[in-house]
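Novice: The letter at position 294 of the sequence shown is residue 294 when you use my numbering, and the numbering goes up by one with no holes.
Even glycine gets a Cβ: it sits at the ideal position worked out from N, Cα and C.
Just so we're clear, the structure is a prediction, and the values are computed from it rather than from any experiment.
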Amino acid sequence: MSRSSLASRRCQTSRSFFSAPRRLRHVSVQASANLEDAKRKKDLVDKIEKSLKDTGLDTQSAKKVLESWQNEVGHQVSPEDLRRILVGQSTRALTLVLVNTLLDCGAAYGSFTAGGFLGVASEQYGTPAIIGQAIAYLLAGYYATGAVFDFFKLGAVLVARYNFSVNSGAFLEAIEDIAGGTTGLGVADKATQAVNSIKVLDALNKMADLLKDQANGNGIRSPPTDKSIDMLSDLGAFLTLQRAQSTYGFNATEFGITDEEAAAIAVIFGKFDLNDDGVLSEDEFRKLCNQFAPELNTAEEVKAALAKIDTNKDGSIQFTEFVRFWTKQV
């Protein structure tokens, strides 16, 4: 970006910021959709968890399963890791069942053919040929029955393979819920202890809705008695935008918002960026949670929520990440 275009953008931002209304209505539908998705995911996790418990999976077994998966991938298992593991296992099972199906079909055909030959030979060899024919037909029936069951197993494996590829995240979460508490996975476990990811997602979505209401004029600032305070807030927002543009290449249009909408977001961001360094630290984000998501009442839940927004995993929330959370939610 050239200096002239950057300067033009800054001037445009400052002019539009002080004059345009702060409205973000276009995200409300997406917020509702995300909440519905979270509910559907929770229902799916509950369904899978119940199914696993019905098969006899208990806490200790679930911990062993998680540990074996981690040993296979060499780190904490993600839904994508689990998808690869389960699809790989289902591929091996699919190959085995397919081979068994072909063998059973071949054996059934061979036995039936042998029975036919023995039937023709019964006139020459008498009773031994008839007995052999009966045995051959029995074997043909046995192998044919096995082949039918193999086809059923083949279908079951194909269905499981599809479910694993689509629902690996829900499957992993169900196993983790059954394992409960500590999973025996060392450092990885301590980072996720006592964190309910559905609770964190719901809290973040509610937080985003509350922040949007505040930005729309429903409480972010009571009518100021001192205009200088209001101007300082506006100036802080402008500086936040300026820093985001020059340091991180922030561009409001990339997020489907206008410069004045970005400025409205910057006002809220600046109220919690207490040291004015352009990022929200964990402590600053905790203060944001205390005000807008009090249900996140443990250090682990706050860290998990921060990790959802902190896309570059540097332990803090840049303004660009905050806007991404604001416009798309999590």
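Once DSSP output is grouped into helix, strand and coil, what is the label at residue 280?
Specialist: Three-state result, residue 280: strand.
Novice: If you pair each beta-carbon of the region 65 to 83 with each one of the region 103 to 121, do three or more pairs fall below 8 Å?
Specialist: The answer is no - the region 103 to 121 does not touch the region 65 to 83, with fewer than three Cβ pairs under 8 Å.
Novice: Can you tell me which of the three DSSP states residue 60 falls into?
Specialist: Three-state result, residue 60: helix.
Novice: When we look at the beta-carbon of residue 293 and count the other beta-carbons within 10 Å, is it buried (16 or more) or exposed?
Specialist: With 16 or more other Cβ atoms within 10 Å, it is buried.
Novice: Would you kindly work out how many angstroms separate the C-alpha atoms of residue 205 and residue 53, rounded to a whole number?
Specialist: About 30 Å.
Novice: Out of curiosity, what's the CA-to-CA distance linking residue 149 and residue 123?
Specialist: Going by the C-alpha atoms only, they are around 36 Å apart.
Novice: Have a look at 290, 282, 295, 328 and flag the residue whose alpha-carbon is nearest the alpha-carbon of residue 315.
Specialist: If we check each option's Cα against that of residue 315, 282 comes out closest.
Novice: Which full runs of the alpha helix (DSSP H) of 4+ residues lie inside the region 102 to 146, going along the chain?
Specialist: None, since the region 102 to 146 contains no complete alpha helix (DSSP H) of that length.
Novice: Figure out for me which residue from 78, 300, 62 has the closest Cα to the Cα of residue 200.
Specialist: Comparing Cα-Cα distances from residue 200 to each of 78, 300, 62, the minimum goes to 300.
Novice: Just checking my contact of residue 140 with residue 112 at CB under 8 Å: how many whole Å lie between their CB atoms?
Specialist: Right, the Cβ-Cβ distance comes to about 4 Å (below 8 Å), so this counts as a contact.
Novice: So, are the CB atoms of residue 121 and residue 129 less than 8 Å apart?
Specialist: Yes; because the gap between Cβ atoms is below 8 Å, this pair is in contact.
Novice: Please classify residue 279: is it buried, with 16 or more other beta-carbons within 10 angstroms of its beta-carbon, or exposed?
Specialist: The residue is buried, with at least 16 neighbouring Cβ atoms inside 10 Å.
Novice: When we look at the beta-carbon of residue 56 and count the other beta-carbons within 10 Å, is it buried (16 or more) or exposed?
Specialist: By the neighbour-count rule (16 or more Cβ atoms within 10 Å), residue 56 is not buried but exposed.
Novice: For residue 136, which residues of its own chain have a beta-carbon under 8 Å away from its beta-carbon, when the five flanking residues on both sides are left out?
Specialist: The answer, listed in chain order, is 111, 112, 114, 115, 118.
Novice: For residue 24, does the three-state DSSP call read helix, strand or coil?
Specialist: Confidence in residue 24 is poor, its pLDDT being 40 and thus under 50, which makes the residue's placement too unreliable to answer from.
Novice: What are the boundary residues of the alpha helix (DSSP H) that residue 261 is part of?
Specialist: Residues 259 to 272.
Novice: Who does residue 317 pair with in a DSSP beta bridge?
Specialist: Paired residue(s): 280.
Novice: Please report the distance separating the alpha-carbon of residue 98 from that of residue 42.
Specialist: Rounded to the nearest angstrom, the two C-alpha atoms are 35 Å apart.
Novice: Using only the alpha-carbon positions, how far apart do residue 306 and residue 151 sit?
Specialist: Each residue's alpha carbon lies about 48 Å from the other.
Novice: When we look at the beta-carbon of residue 51 and count the other beta-carbons within 10 Å, is it buried (16 or more) or exposed?
Specialist: Its Cβ having fewer than 16 others within 10 Å, residue 51 is exposed.
Novice: Hey, quick one: how far does the alpha helix (DSSP H) through residue 307 stretch, first residue to last?
Specialist: Residue 307 -> alpha helix (DSSP H) spans 299 to 309.
Novice: Expressed to the nearest angstrom, what Euclidean distance is found between the alpha-carbon atoms of residue 274 and residue 310?
Specialist: Their backbone Cα atoms lie some 18 Å apart in a straight line.
Novice: Is DSSP giving residue 250 helix, strand or coil here?
Specialist: Residue 250: coil per DSSP, three-state reduction.
Novice: Here's a check: name, in chain order, each residue in its chain whose Cβ is nearer than 6 Å to the Cβ of residue 144, leaving out the five neighbours to either side.
Specialist: Once the five neighbours on either side are set aside, the close Cβ partners of residue 144 are 108.
Novice: With 16 other CB atoms within 10 Å as the buried threshold, where does residue 131 fall?
Specialist: Residue 131 is exposed by the Cβ-count criterion.
Novice: When DSSP labels each residue in this structure, what does residue 96 get in the three-state scheme?
Specialist: Correct three-state label for residue 96: helix.
Novice: So, helix, strand or coil for residue 88, using DSSP?
Specialist: It is helical.
Novice: Determine the direct distance from the alpha carbon of residue 312 to that of residue 321, and round the result to whole angstroms.
Specialist: Rounded to the nearest angstrom, the two C-alpha atoms are 9 Å apart.
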